[in-house]
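The structure appears below as structure tokens.
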Amino acid sequence: MRSLFFWLILIVTLLFTKNVYGQTVEGHKQLQQAIDEAHAGDVLVVKRGVYEGPIIIRKPIHLIAEPGAVVDGDGSEYVITIRAPHVYIEGLTIHRSAYGKGAGVLIKESSHVTLKNVHIEDAHYGVYVEKGMNINIVNNIIRGRDVHFAQRGNGIHLLKTKHVVVSQNDISRVQDGLYLDGAEHTTIEKNKVTNARYAIHFMYAEDGIAKENVLTENINGIMMMMSKRFTIEQNTIAKQLDYRGYGALIYDSEHVVMHNNTLLYNSTALSLQNGRHCTIKANEFIGNYRALHSLYENDNTIVVENKFLGNMEDALIQGAPIAFDDGEKGNYWDTYQFYDLNDDGIGDAPHRIRSMYSRLLRQWPSVQFYFQSPALALLDTTESFFTQAQAQGEDRFPLMEIDFNKNETNERSWRLLLFGSILLVSSLFMFVYGRRMKYEKNG
1 MRSLFFWLIL IVTLLFTKNV YGQTVEGHKQ LQQAIDEAHA GDVLVVKRGV
51 YEGPIIIRKP IHLIAEPGAV VDGDGSEYVI TIRAPHVYIE GLTIHRSAYG
101 KGAGVLIKES SHVTLKNVHI EDAHYGVYVE KGMNINIVNN IIRGRDVHFA
151 QRGNGIHLLK TKHVVVSQND ISRVQDGLYL DGAEHTTIEK NKVTNARYAI
201 HFMYAEDGIA KENVLTENIN GIMMMMSKRF TIEQNTIAKQ LDYRGYGALI
251 YDSEHVVMHN NTLLYNSTAL SLQNGRHCTI KANEFIGNYR ALHSLYENDN
301 TIVVENKFLG NMEDALIQGA PIAFDDGEKG NYWDTYQFYD LNDDGIGDAP
351 HRIRSMYSRL LRQWPSVQFY FQSPALALLD TTESFFTQAQ AQGEDRFPLM
401 EIDFNKNETN ERSWRLLLFG SILLVSSLFM FVYGRRMKYE KNG
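If you use full-length UniProt numbering, the sequence shown corresponds to residues 1 to 443, in order.
This is the structure we're talking about:
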């Protein structure tokens, strides 16, 4: 019975699958002609070879490419254009669109389109989607041109789209890695973006999530402008070190939730500028030049349960105050130096965000070379005794400890116990040995 079922599947596959054999000279005729002659729902298996573009798809079909199948645009504006629903493309290499315009793939006014395992290189835009719906862009590699940002296009550009999933793509050498212009209900997950102006750029975008992305060595990691109802979670945003750059900038946007992200080694990790109803919770700000910058009005915005570790400047507030606690819990600050006498995990005194060092740093950047020096520690301690010192903000319930994994805590405790025991035994040995040598010398 199994054998009969296998042969039935094989016969059906052979009957309904067309093979396109590519040749350098005849590639364009073969591939475009096969697409034109295909019926809706046909599967075209594209063999290894170089096929001439541009290619236009106007019917629901599947293109499954074998390794080494390449569509060469030869400077055409759009190498592949999709203007039909239910199109599936997998495994193709697409390259050489026009300079200064065009794209490797244009998806226009189409729905239920999937691009998977596609390699796009030497193209102005990688993938340009205009008025598309239910689009999946998954596990692709996009490499732009090695020119100035102003001469590049975006890796993935979504214009007035709905329900698009952008997942597991590797994007580099582009202007913006992902650009959302009027996009709605977008999921951006597990992508890697590097060497871009903005890794992810939201403009008039609504309703979506960006999670588990790795955004490194761009000018800005996340640029959100005039957008609303987005969740940004579990991303790693690192090494945006340009003097103009931010790990994330939320400008004139509302109902943004940013939590469980790691922002490290950025020029400014997070800037809030006219954000409304934003929640910044449970993020890690580690080793940044400046961890948080609040500018203008940020109405109904709260910063809570975050960890501020090893930043040259924890926060700069230039505008209206923002809330650094929710009435029960605040944030963990490695610069907080007071006590927790009742052992409830909350500091007994508020953490006031005021720093003579911060003011000196903005006026004389060379002061950064004294970061965490004894002189600056003395300056901060002295400043804390003067209640009239102007505070930029206040965390009324600063957290005293960082939550570690229990197994990690136990392992750390055993290591400390072992290390302490070794030190104790060594000290006792040295003490006894020293006494004996003294007695022998005197005797």
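Glycine included, C-beta positions come from ideal geometry on N, C-alpha and C.
Just to confirm my understanding: we take residue 65, look at its own chain, exclude 5 residues before and 5 after, and list those with CB closer than 7 Å. What are they?
46, 90, 91 and 92
Output the distance between the C-alpha atoms of residue 48 and residue 71, rounded to the nearest integer angstrom.
10 Å
Name the two residues that bound the continuous beta strand (DSSP E) containing residue 136.
133 to 138
Does DSSP put residue 35 in a helix, a strand or coil?
helix
Under 7 Å between the Cβ atoms of residue 325 and residue 291?
no
Bridge partners for residue 196 per DSSP, in chain order?
174
Residue of 267, 69, 250 and 394 minimising C-alpha distance to residue 277:
250
Residues in the same chain with beta-carbon distance under 6 Å from residue 162, minus the five sequence neighbours each way, listed in chain order, please.
133, 184 and 185
Check for me: the beta strand (DSSP E) holding residue 111 runs from which residue to which?
111 to 116
Presumed contact (8 Å Cβ cut-off) between residue 199 and residue 182, rounded CB distance
Rounded, the Cβ-Cβ distance is 19 Å, inconsistent with contact.
Within this structure, are the beta carbons of residue 180 and residue 215 separated by less than 7 Å?
no
Where does residue 480 sit, in a helix, a strand or coil, going by DSSP?
The first residue shown for the chain is 1 and the last is 443, placing residue 480 beyond what the model contains.
Whose C-beta lies closer than 7 Å to the C-beta of residue 305 among residues of the same chain, with five residues either side of it excluded?
281, 282, 329 and 331
Residues near residue 345 in its chain [Cβ-Cβ closer than 7 Å; skip 5 each side]
399, 400 and 401
How big is the Cα-Cα spacing for residue 78 and residue 352?
56 Å
Within 10 Å of its beta-carbon, does residue 166 have 16 or more other beta-carbons around it, so buried, or fewer, so exposed?
buried
For residue 429, the three-state DSSP class (helix, strand or coil):
helix
Of the choices 197, 222, 217 and 266, whose alpha-carbon is the least far from that of residue 209?
222
Taking the alpha carbon of residue 191 as the reference point, which residue from 160, 142 and 34 has its own alpha carbon closest?
142
Outcome for residue 321 when other beta-carbon atoms lying within 10 angstroms are tallied against a minimum of 16
exposed
Proximity below 7 Å, CB of residue 237 to CB of residue 245:
no
Segments of 3+ residues assigned as beta strand (DSSP E) that fall wholly inside the segment 46 to 134:
49 to 52, 55 to 57, 62 to 65, 69 to 76, 78 to 82, 88 to 90, 93 to 97, 103 to 108, 111 to 116, 119 to 121 and 125 to 130
Taking just the CA atoms, how far does residue 227 sit from residue 145?
29 Å
Would you identify the three-state DSSP class for residue 318, choosing helix, strand or coil?
strand
Can you check whether the C-beta of residue 227 is within less than 7 Å of a C-beta belonging to chain D?
Absent from the structure is chain D; it holds one protein chain and no more.
Backbone CA spacing between residue 348 and residue 302 [nearest angstrom]:
21 Å
Measure the CB-CB distance between residue 104 and residue 126 and report whether it falls below 7 Å.
yes
Enumerate in chain order the residues of its own chain whose CB-to-CB distance from residue 117 is below 6 Å, with the five nearest sequence positions on each side excluded.
90, 91 and 139
Alpha carbon of residue 456 to alpha carbon of residue 150, nearest angstrom
The structure shown has nothing for residue 456, since the chain only spans 1 to 443.
For residue 152, which of helix, strand or coil comes out of DSSP?
coil
Assuming residue 280 is part of the beta strand (DSSP E), what are its boundary residues?
279 to 281
Residue span of the beta strand (DSSP E) that contains residue 251, given as start and end
246 to 251
Could you check how far apart the C-beta atoms of residue 232 and residue 258 are, in whole angstroms? I think they sit under 8 Å.
4 Å
Mind pulling the beta strand (DSSP E) runs of 3 or more residues that sit fully within the segment 284 to 314?
284 to 286, 290 to 296, 302 to 304 and 307 to 309
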